[in-house]
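2 protein chains.
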Amino acid sequence: MALTLSQRSAQYTTSPIRDLLKLIEQPGIISLAGGLPAAGSFPVDALRAACAEVFDTQAQGALQYGPSEGIAPLREWVAAQLREQGIAAQADEVLITSGSQQGLDLVGRVLIDPGSTVLVERPTYLGALQAFAPYGPCFADLDDDAQGALPTLNAPAHRDARMVYLQPNFRNPTGQTLTAARRAQWARALQDRPIALVEDNPYGELWFDGPPPAPLAAQLPGQSILLGTFSKVLSPGLRLGYVHGPQEVIAKMAQARQAADLQTSSLTQRLVLKVLEGRLLDAQLPRIRALYRSQRDAMLAALERHMPETVRWEAPQGGMFIWLSLPEGADATALLPLALARKVAYVPGTAFYAAGTAPRNTLRLSYATATPEQIDTAIAHLGDVFSQTQVRPLTEGVLNL
Amino acid sequence: MALTLSQRSAQYTTSPIRDLLKLIEQPGIISLAGGLPAAGSFPVDALRAACAEVFDTQAQGALQYGPSEGIAPLREWVAAQLREQGIAAQADEVLITSGSQQGLDLVGRVLIDPGSTVLVERPTYLGALQAFAPYGPCFADLDDDAQGALPTLNAPAHRDARMVYLQPNFRNPTGQTLTAARRAQWARALQDRPIALVEDNPYGELWFDGPPPAPLAAQLPGQSILLGTFSKVLSPGLRLGYVHGPQEVIAKMAQARQAADLQTSSLTQRLVLKVLEGRLLDAQLPRIRALYRSQRDAMLAALERHMPETVRWEAPQGGMFIWLSLPEGADATALLPLALARKVAYVPGTAFYAAGTAPRNTLRLSYATATPEQIDTAIAHLGDVFSQTQVRPLTEGVLNL
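In the order they appear, the protein sequences are chains A and B.
For the first sequence, my numbering gives the first residue as 759, with consecutive numbering after it.
For the second sequence, my numbering gives the first residue as 759, with consecutive numbering after it.
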């Protein structure tokens, strides 16, 4: 007897990225697809030692139920770290989550009604679209210019927005960063409007030449929900992130959290707190910034070397991704099998568009996982693939990301 | 500028139990309220050793992203364990969750539409009501007799049921177990109806004199969703559970999982798999069964000793809870402050009723957390409190749980 699934279930679809990740588990594939941190980036020794110490000194706490909001000293650590970035954060405005993805789900639970207008960058993070979609929003795209997404809150399609979702730092998938001037424009535009600013910041610490501008949340107290994670700086497998926001929103999210899965693992919270208190990040952050910078440099050099002239990209100043634009008429999805035949994987750009028609000529490359040598090999293959396709000459202004 | 919360947010309310747990963190309070496993029940040494081994032999896997469905060998372990209980389970019918509460949320996401009729025992598990409520079900209560909930699927209020939620073993809050005969009746009643049976089994391994009857899922292949957890047998702080069900339902839940929080911690999955493969449960289960049996015995003896004659209860054959019925007219919620003044906490029964009017004269006692000595002290105080209240004499048949 077949069971009836909820209508909501139609909103749950498999992520093309996670499907691709399964495909590329074949030996010999060089993946430029997923945003998996480089294996060498994990601080294994520090985490092993911290875990042993947690079991030696606080095993009962690590194995017992704990508060849905997260353990108090970890909430305080996050608040202190946000205060250093200019946000007047208190511990009771912080909720510990099982990774940023859960923060996005809690945002959807607590802030989105069926039909709520949610403004997103174009293109935007696929995982946010997946998290929000089951709550029934109407997505509306924001246009970009060189400074980032434009605060067009008076546009007819944007006027009734309930929420704006932005990744100001090294946006996934484009790598773009919102300039300080554009942040100020956003803050002015949002002030005195009942619109929640959801500021997703997984990559902010992965800057290469200098830190990005201060979070928008610093300029919009009481109106900002800021999402952070330890996935990119420590380990994604631990599943630890946080949400900061107005105390009444965080309290409601904690209630939603009780319904969703009670709490984040007491063990992983204590483990991460232990390495944070030991100031592991003081050494870890410079190390991984240097690592990802060298991999970005390798990819930029390889792109210069191997790509046909018709392919365009911008150099990201941090994060994990480079966004490629093939000439108009090229189809990055159709070309993917040719790339996979050369044992190289990437993510076609169409997955990252919320509304409107997605251009078919874009793709996302990650320099986070592969070594510089692998990156050069992979980009050489992609250069071959993209050169051999029939492409029309690039006309300025045709490419609209 | 106040933000607009979703209408769904009104469904997220704080759990009276978790609120009570905060209250009773005061020193000196003996808690018979929460279902917290006894601290002495945690296999600390085995988990500490397994954790060290995971870091020594598979640190990269433990710290990296993994599949949303859970790691393959843990899914296989669960499937094998279910096969031992008569369920023809395969690994791809198993989803690893961050505790059973997440399994309940995934059930809600994938099986409940607004207005779907969901049948529940009366009283039933508060956490399931909290998990399902945001998805908009209409709850309908099932009546009990001495064998457990009655399969009244032809009753007008039950005829259009989408789903039945049962806790066949040592139900939270009543401690009652569905007899083998009643399970067979349920299986016959559900067969050939498009109704999902959601069988929640957190306490099944905590039996005292003999194992409970086989899961209903063994008799209803293709129609059953079975929820299990390692919280009661290993540690709730690790947050590890599982769902078994038809492959197409599990696949949809895995997609929902991607949207919700991607996956369960790679570290905690490997840690638990390691102790399971080391056959820790062979020693752990007899140990905790004996522990909880001794605490149940202490509570039953204390109840006999200290309770006025007007108070009634049944002896549970496993699990963590004893359900008390005060005389009609007594109000367990109103009496709670008197108990707290004596430094004893319990949970009033009203929280566990989904529909209809909740009787005010019931309460749940947990023997899981306190020692036998503490249990005797606490029950003596409760006996005083319940004796001093004005109670009408108990009339047979008035108490309807």
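For every residue, glycine included, the Cβ atom is placed at its ideal position computed from N, Cα and C.
Discussion item. At the 8 Å Cβ level, is Thr-1026/B part of the contact set with chain A, yes or no?
Written reply: Residue numbering aside, residue 1026/B sits at position 268 when the second sequence is read from its first letter. Yes, its Cβ sits closer than 8 Å to a Cβ of chain A.
Worksheet item: What residues of chain A sit near Cys-809/B, judged by a beta carbon separation below 7 Å?
Response: By one-based count along the second sequence, residue 809/B stands at place 51. Under the 7 Å cutoff, chain A gives Cys-809, Phe-813.
Worksheet item: His-1002/A bridges to which residues according to DSSP?
Response: Sequence index remark: in the first sequence, residue 1002/A carries index 244 (1-based). Note: His-1002/A sits in a beta bridge opposite Val-852/A, Leu-984/A.
Item to complete: Return no unless some Cβ of chain A is closer than 8 Å to the Cβ of Ile-870/B.
Response: Your numbering for residue 870/B matches position 112 in the second sequence. Ile-870/B counts as touching chain A.
Fill in: Secondary structure, alpha helix (DSSP H): runs of 4+ residues fully inside the segment 1090-1147 of chain B
If we require 4 residues or more, the alpha helix (DSSP H) runs fully inside the segment 1090-1147 of chain B come out as 1090-1099, 1130-1146.
Fill in: Among Ile-870/A, Leu-805/A, Gln-843/A, Leu-864/A, the one whose alpha carbon lies nearest that of Glu-827/A
As a first step, residue 827/A is located in the first sequence; it is residue number 69 there, counting from the start. Distance check between Glu-827/A and each of Ile-870/A, Leu-805/A, Gln-843/A, Leu-864/A places Leu-864/A closest, using alpha-carbon atoms only.
Worksheet entry | Where the beta strand (DSSP E) through Asp-958/B begins and ends | Here residue 958/B is taken as the residue at index 200 of the second sequence, counted from 1. Per DSSP, Asp-958/B belongs to the beta strand (DSSP E) from 954-958.
Item to complete: In the DSSP assignment, find the alpha helix (DSSP H) that holds Arg-1045/B and state where it starts and stops.
Response: To locate residue 1045/B, count along the second sequence from 1; it is residue 287. For Arg-1045/B, the enclosing alpha helix (DSSP H) starts and ends at 1038-1064.
Practice prompt. Could you name each continuous alpha helix (DSSP H) segment of 4 residues or more that falls completely within the segment 854-904 of chain A, going from the start of the chain to the end?
Written response: The segment 854-904 of chain A contains these whole alpha helix (DSSP H) runs: 858-869, 884-890.
Practice prompt. Consult DSSP for Gly-798/A and reduce its assignment to one of helix, strand or coil.
Written response: Here residue 798/A is taken as the residue at index 40 of the first sequence, counted from 1. The answer is helix: DSSP assigns Gly-798/A an H, G or I state.
Worksheet item: Which value, in whole angstroms, describes the spacing of the CA atoms of Leu-794/B and Phe-890/A?
Response: Position 36 of the second sequence holds residue 794/B. Position 132 of the first sequence holds residue 890/A. C-alpha separation (whole angstroms): 34 Å.
Worksheet item: beta strand (DSSP E) containing Arg-920/B: first to last residue?
Response: Taking the second sequence and counting its residues from 1, the one referred to as residue 920/B is at position 162. 919-924 is the span of the beta strand (DSSP E), which, as asked, contains Arg-920/B.
Discussion item. Could you check whether Ser-858/B and Pro-960/B sit closer than 8 Å to each other, using their CB atoms as the reference points?
Written reply: In the second sequence, counting from the first residue as 1, residue 960/B sits at position 202. In the second sequence, counting from the first residue as 1, residue 858/B sits at position 100. When the beta-carbon positions are compared, Pro-960/B and Ser-858/B come within less than 8 Å of each other.
Worksheet item: From what residue to what residue does the beta strand (DSSP E) around Ser-1083/B run?
Response: As a working mapping, residue 1083/B is identified with position 325 in the second sequence. Counting along the chain, the beta strand (DSSP E) containing Ser-1083/B begins and ends at 1079-1083.
Discussion item. Does the CB of Gly-1107/B have a neighbour CB from chain A at under 8 Å?
Written reply: Position 349 of the second sequence holds residue 1107/B. No Cβ of chain A is located within less than 8 Å of the beta carbon of Gly-1107/B.
Discussion item. Let's test the definition: count the other Cβ atoms within 10 Å of the Cβ of Asp-1134/A and tell me whether it reaches 16, buried, or not, exposed.
Written reply: What you label residue 1134/A is simply residue 376 of the first sequence in a count that begins at 1. So Asp-1134/A ends up on the buried side.
Item to complete: Kindly give me the distance between the Cβ atoms of Ser-856/B and Thr-1022/B, rounded to whole angstroms, as I take these residues to be in contact under 8 Å.
Response: As a first step, residue 856/B must be located in the second sequence, where it is residue number 98. As a first step, residue 1022/B must be located in the second sequence, where it is residue number 264. A Cβ-Cβ separation of about 5 Å places Ser-856/B in contact with Thr-1022/B under the 8 Å criterion.
Worksheet item: So, using beta-carbon positions, are Glu-963/A and Val-991/A closer together than 8 Å?
Response: For the purposes of this step, residue 963/A is taken as the residue at position 205 of the first sequence. For the purposes of this step, residue 991/A is taken as the residue at position 233 of the first sequence. Contact annotation: Glu-963/A and Val-991/A have beta-carbon atoms nearer than 8 Å.
Worksheet item: How about Val-1033/B and Ala-804/B: are their beta carbons less than 8 Å apart?
Response: Here the question's residue 1033/B lines up with position 275 in the second sequence. Here the question's residue 804/B lines up with position 46 in the second sequence. One thing to note: Val-1033/B has its Cβ within 8 Å of the Cβ of Ala-804/B.
Discussion item. For the segment 1076-1092 of chain B against the segment 1047-1066 of chain B, do three or more pairs of beta-carbon atoms, one drawn from each stretch, fall closer than 8 Å, so that the two count as touching?
Written reply: Cβ pair count under 8 Å is three or more, so yes.
Item to complete: Whole angstroms is fine: what's the gap from Thr-771/A's alpha carbon to Pro-872/A's?
Response: On the first sequence, residue 771/A is found 13 positions in, with the first residue counted as 1. On the first sequence, residue 872/A is found 114 positions in, with the first residue counted as 1. Spanning the alpha carbons of Thr-771/A and Pro-872/A requires a straight line of approximately 18 Å.
Fill in: Strand pairing of Ser-789/B, partner residues [DSSP]
Within the second sequence, residue 789/B is the residue found at index 31, counting from 1. Listed as beta-bridge partners of Ser-789/B by DSSP are Ala-1103/B.
Practice prompt. Could you check if Gly-798/B is buried or exposed, using at least 16 other CB atoms within 10 Å of its CB as the buried criterion?
Written response: In the second sequence, the residue the question calls residue 798/B occupies position 40. With fewer than 16 other Cβ atoms within 10 Å, it is exposed.
Worksheet item: By DSSP, does Ser-773/B sit in helix, in strand, or in coil?
Response: As a first step, residue 773/B must be located in the second sequence, where it is residue number 15. Ser-773/B falls in the coil class under three-state DSSP.
Worksheet item: Opposite Ala-907/A in the DSSP bridges: which residues?
Response: For the purposes of this step, residue 907/A is identified with residue 149 of the first sequence, where counting begins at 1. Ala-907/A is bridged to Asp-902/A.
Worksheet item: So what's Arg-1070/B in DSSP terms, helix, strand or just coil?
Response: Reading the second sequence from its first residue, position 312 is the one you call residue 1070/B. The answer is strand: DSSP assigns Arg-1070/B an E or B state.
Fill in: Within 8 Å, strictly: CB atoms of Thr-987/A and Thr-1026/B
Numbered from its first residue, the first sequence carries residue 987/A at position 229. Numbered from its first residue, the second sequence carries residue 1026/B at position 268. Between Thr-987/A and Thr-1026/B, the CB-CB gap reaches or exceeds 8 Å.
Worksheet item: So, is Gln-1146/B buried or exposed, given that buried needs 16 or more other C-beta atoms within 10 angstroms?
Response: Numbered from 1 along the second sequence, position 388 holds the residue referred to as residue 1146/B. Counting other Cβ atoms within 10 Å of its Cβ, Gln-1146/B stays below 16 and is therefore classed as exposed.
Fill in: Contact list for Tyr-883/A against chain B, beta-carbon separation under 7 Å
One-based indexing of the first sequence puts residue 883/A at position 125. Below the 7 Å Cβ cutoff, chain B contributes no neighbours of Tyr-883/A, its closest Cβ being approximately 13 Å away.
Discussion item. For Arg-867/A and Pro-895/B, which I take to be in contact (beta-carbon distance under 8 Å), what is that distance rounded to the nearest angstrom?
Written reply: Stepping through the first sequence from its first residue, residue 867/A is reached at position 109. Stepping through the second sequence from its first residue, residue 895/B is reached at position 137. So it is not a contact: roughly 16 Å between Cβ atoms.
Discussion item. Can you find the residues in the same chain that come closer than 6 Å, C-beta to C-beta, to Glu-1070/A, ignoring five residues on each side of it along the sequence?
Written reply: Translated into positions along the first sequence, residue 1070/A becomes position 312. Before going on, a small fix: residue 1070/A reads as Arg here, not Glu. Hits under 6 Å: Ser-1083.
Fill in: As assigned by DSSP and simplified to three states, the class of Gly-1076/A
In the first sequence, counting from the first residue as 1, residue 1076/A sits at position 318. Note: Gly-1076/A maps to strand in three-state DSSP.
Worksheet item: Tell me which same chain residues have a C-beta within less than 6 Å of the C-beta of Gln-977/B, skipping the five on either side of it?
Response: Taking the first residue of the second sequence as 1, we reach residue 977/B at position 219. So the qualifying residues of the chain are Ala-945.
Worksheet item: How is the alpha helix (DSSP H) around Pro-979/B delimited, first residue to last?
Response: Position 221 of the second sequence holds residue 979/B. Counting along the chain, no alpha helix (DSSP H) covers Pro-979/B, and no H or E run does either.
Fill in: Neighbouring residues, chain A, relative to Gln-925/B (Cβ below 9 Å)
Within the second sequence, numbered from 1, the residue matching residue 925/B stands at position 167. For Gln-925/B, there are no C-beta contacts with chain A under 9 Å, since the nearest C-beta of that chain is about 17 Å from it.
Worksheet item: Should the segment 1003-1015 of chain A be called in touch with the segment 761-768 of chain B, which here means at least 3 C-beta pairs below 8 Å?
Response: Enough Cβ pairs lie closer than 8 Å, so yes.
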